[in-house]
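All remarks here apply to the structure that follows.
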Ligand SMILES: [Mg+2]
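Numbering (the working numbering), first residue to last: 36 to 216.
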């Protein structure tokens, strides 16, 4: 079995959403960035936990997974977010740009059809804060068909936590290829 892909979201994962009072986690450092196509007079504030840079780099370079950004930041993930965290360069999915007003236009995450096609029959662990029950059912069906698929879902206001990476590590260690090594 090939290495599993690690699909990594950003908003709600590496950049937690603000609390109702507008506050962001004290662990996260604010930056101001200019996404592609954004007017220079209208930059975007973001916040990242610098301690996650090293932790994620260890994972991304572990040889246990093949990382791919899966985020509406698209290429900006590789040119803005990754470098701010000191992450190694890795590819991004060029997600479609549907005209939608909800992230679940068909009851499941809008990214999923593209991801499903792109993955083919490759195993995958996908970290995103925005899965629905239909996405979890999709992952369970893939797994049942012999394609191990794990969805890791941080809470959007807290983002990625150590427990999520522990869950990922446990899952990877139990894959057939990992056991055979
Ligand atoms: Mg998200």
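C-beta: ideal position from N, C-alpha, C; glycine also.
Just to check my reading of the structure: residue i and residue j have Cβ atoms closer than 8 Å, yes? What is that Cβ distance to the nearest angstrom?
i	j	result
residue 45	residue 145	15 Å between Cβ atoms; not a contact.
residue 184	residue 204	So it is not a contact: roughly 16 Å between Cβ atoms.
residue 78	residue 91	Not confirmed; about 24 Å, so no contact.
residue 171	residue 186	6 Å
residue 104	residue 127	4 Å
residue 165	residue 138	5 Å
residue 123	residue 41	At roughly 13 Å, the Cβ-Cβ gap does not stay under 8 Å, so residue 123 and residue 41 are not in contact.
To which residues of the same chain is residue i closer than 6 Å at the C-beta, ignoring the five residues directly before and after it?
i	result
residue 194	48, 51
residue 84	62, 63
residue 39	100, 158, 159, 160
In terms of residue numbering, what span does the alpha helix (DSSP H) encompassing residue i cover?
i	result
residue 147	147–154
residue 167	No alpha helix (DSSP H) holds residue 167; DSSP gives it neither H nor E.
residue 197	197–208
residue 91	86–95
Give the range of the beta strand (DSSP E) segment to which residue i is assigned.
i	result
residue 159	159–162
residue 81	79–83
residue 66	64–68
residue 187	184–187
State the beta-bridge partners of residue i as determined by DSSP.
i	result
residue 143	In DSSP, residue 143 forms no bridge with anything.
residue 103	42
residue 178	Answer is none; residue 178 lacks a bridge partner.
residue 116	Looking at the DSSP assignment, residue 116 forms no beta bridge with any residue, so it has no partner.
residue 135	Per DSSP, none; premise fails for residue 135.
residue 50	46
So, at 8 Å on beta carbons, what are the nonlocal neighbours of residue i in its own chain, with the 5 sequence-adjacent residues on each side left out?
i	result
residue 130	105, 106, 107, 109, 146, 149
residue 196	189
residue 89	121
residue 66	80, 81, 82, 83, 119
residue 60	51, 82, 84, 193, 194
residue 95	41, 102, 122, 123, 125
Any heavy atom of ligand 1 within a distance shorter than 6 Å of the CB on residue i?
i	result
residue 194	no
residue 165	yes
residue 28	This structure does not reach residue 28, given that the chain is present from 36 up to 216, and the question cannot be answered.
residue 89	no
residue 181	no
residue 46	yes
Is it the case that the CB of residue i approaches a heavy atom of ligand 3 more closely than 6 Å?
i	result
residue 193	Annotation note on ligand 3: not contained in the displayed structure, which lists ligand 1 as its ligands.
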